[in-house]
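Let me begin by presenting the structure, written as structure tokens, before commenting on it.
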Amino acid sequence: SQQGEEDPQALSIQEGENATMNCSYKTSINNLQWYRQNSGRGLVHLILIRSNEREKHSGRLRVTLDTSKKSSSLLITASRAADTASYFCATDGSGNTPLVFGKGTRLSVIA
Amino acid sequence: DTAVSQTPKYLVTQMGNDKSIKCEQNLGHDTMYWYKQDSKKFLKIMFSYNNKELIINETVPNRFSPKSPDKAHLNLHINSLELGDSAVYFCASRRGSNTGELFFGEGSRLTVL
């Protein structure tokens, strides 16, 4: 069953603006991951945040995790046209459960 | 030097046919997966193998049969193809069965006519 739900489904911004995408999930997790998918390509891992972490940075990416609200956000600062892609959150549970992906947010960055 | 490679990238076939998609990873990972991405971009897990052993088999019709000849390969065979099988199929791998990031192939777009 689907775990993560991204919000919004689509987002269109101007180059240089910040983009924020949210993800909500339903069950307990070991970690939460964000992936990017360019049109017609495979998914690429961006960042992983563990359940005992609240915030993580990687370059222009900032991820937060609130396990009490079962939610995460991905912030891309100073967006570029090349950031145009779909962004997915994925939750990693216990045992041998596979990563469960949300439906994704389609980000368009207009130059 | 491709980490996870799938072939073919595109596959167009008639209903009722049988087809296979191959996947190989050169990362030395123990766990491999097949995901299906539908037209709305929803990614759904189909199968998971750890060291050639099936560990997860989601509710997938038994027309789909995965085969892992060794831990670097996970192939997907589909019998009696139906229109609803049209999708992009992604192979992925990771080091362990319950931790770490996934490495994805570029996908195999299957179109059933």
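Going line by line, the protein sequences match chains A and B. Final position of the first sequence in our numbering is 111; the numbers increase by one with none missing. Final position of the second sequence in our numbering is 1113; the numbers increase by one with none missing. Even glycine gets a Cβ: it sits at the ideal position worked out from N, Cα and C.
Cβ separation of residue i and residue j, assumed to be a contact under 8 Å, to the nearest whole Å
i: S51 (chain A); j: N30 (chain A); result: 6 Å
i: T105 (chain A); j: Q9 (chain A); result: 6 Å
i: R54 (chain A); j: L61 (chain A); result: At roughly 15 Å, the Cβ-Cβ gap does not stay under 8 Å, so R54 (chain A) and L61 (chain A) are not in contact.
i: S73 (chain A); j: T27 (chain A); result: Rounded, the Cβ-Cβ distance is 19 Å, inconsistent with contact.
Host beta strand (DSSP E) of residue i (start-end)
i: T67 (chain A); result: It is not in any beta strand (DSSP E) - T67 (chain A) carries neither H nor E in the DSSP assignment.
i: K1071 (chain B); result: Element bounds for K1071 (chain B): n/a, residue is neither H nor E.
i: Q1006 (chain B); result: 1004-1007
i: L1102 (chain B); result: From DSSP, L1102 (chain B) is part of no beta strand (DSSP E); its letter is neither H nor E.
i: A1087 (chain B); result: 1087-1094
i: N1062 (chain B); result: Counting along the chain, N1062 (chain B) falls outside any beta strand (DSSP E), and DSSP gives it neither H nor E.
i: N1057 (chain B); result: 1053-1057
i: S73 (chain A); result: 71-76
i: L48 (chain A); result: 43-50
Residues that DSSP places opposite residue i in a beta bridge
i: T105 (chain A); result: A:Y87
i: I1045 (chain B); result: B:Y1035
i: Q1025 (chain B); result: B:V1004
i: D92 (chain A); result: A:N31
i: D7 (chain A); result: A:N22
i: T1013 (chain B); result: B:V1112
i: L61 (chain A); result: A:S58, A:I76
i: L1076 (chain B); result: B:I1021, B:P1066
- prompt: Is the stretch 98-108 of chain A in contact with the stretch 1039-1055 of chain B, if contact means three or more CB pairs nearer than 8 Å?
  reply: yes
- request: Evaluate contact between the stretch 1087-1098 of chain B and the stretch 78-97 of chain A, counting only Cβ atoms and requiring at least three cross-stretch pairs below 8 Å.
  value: yes
Contact the stretch 1018-1029 of chain B vs the stretch 32-47 of chain A: 3+ CB pairs below 8 Å: no
- prompt: What are the complete beta strand (DSSP E) segments, minimum 3 residues, inside the stretch 13-39 of chain A?
  reply: 19-24, 31-37
field: Three-pair Cβ contact test at 8 Å for the stretch 1047-1063 of chain B versus the stretch 1101-1110 of chain B
entry: no
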